[in-house]
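Beneath this line is the structure, given in structure tokens, with notes to follow.
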Amino acid sequence: FVLDMGEPVRIYDLATNLIKLSGFEPGRDIKIKITGLRPGEKLYEELLMAEEGLESTPNELIYVGRPNGFDQVNLRSELQRLKEKLSLEDLENDEVKEMILKLVPTYAPDLDKMNSKIS
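Here the sequence shown is numbered in our numbering, starting from 16 and rising by one per residue.
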């Protein structure tokens, strides 16, 4: 399920409002320190991939995610092929990349970085 959370609220505005509602003056009684993002922290969260989509429910604020289907037999077969390819000594980087992209069609790697890390 995916909930319609309404309009985003800035953390700074939330903190300021909470300070005022508590009877204090922001910046004078209680300072707000802006620290920035922590490693790995995101400004927004992708709940679904664009390819998945949402279906309505009787409640206009609740949706159901429509996940992409996949063929488990084909996935297992392709993973086995990839595993076998990775065990070979004459490993071809481009071929491995193609196999990975086939397994995860929505993955969009930075191919230049990928080439430098694999080589």
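Quick reminder that beta carbons are idealized off the backbone N, C-alpha and C, glycines included.
Quiz item: Which full runs of the alpha helix (DSSP H) of 4+ residues lie inside the segment 59 to 129, going along the chain?
Solution: 87 to 101, 108 to 118
Quiz item: CB of Ala65 to nearest heavy atom of the ligand NAP: below 7 Å?
Solution: The model depicted lacks the ligand NAP and carries no ligand whatsoever.
Quiz prompt | Rounded Cβ spacing between Val17 and Leu58 (contact assumed at less than 8 Å) | solution = Rounded, the Cβ-Cβ distance is 19 Å, inconsistent with contact.
Practice problem: My understanding is that Ile45 touches Phe39, with C-beta atoms under 8 Å, so please give their C-beta distance in whole angstroms. | Solution: 5 Å
Practice problem: For Met64, collect the residues of the same chain with a Cβ closer than 8 Å to its Cβ; drop the 5 residues on either side in sequence, then sort them by chain order. | Solution: Asn83, Thr121
Practice problem: Could you have a look at Asn29 and say whether DSSP puts it in helix, strand or coil? | Solution: Per the sequence shown, residue 29 should be read as Leu rather than Asn. Three-state result, Leu29: helix.
Quiz item: When the distance is taken between beta carbons, is Glu93 closer than 8 Å to Met114?
Solution: yes
Quiz item: Between the C-alpha atoms of Val111 and Thr72, what's the straight-line distance to the nearest angstrom?
Solution: 42 Å
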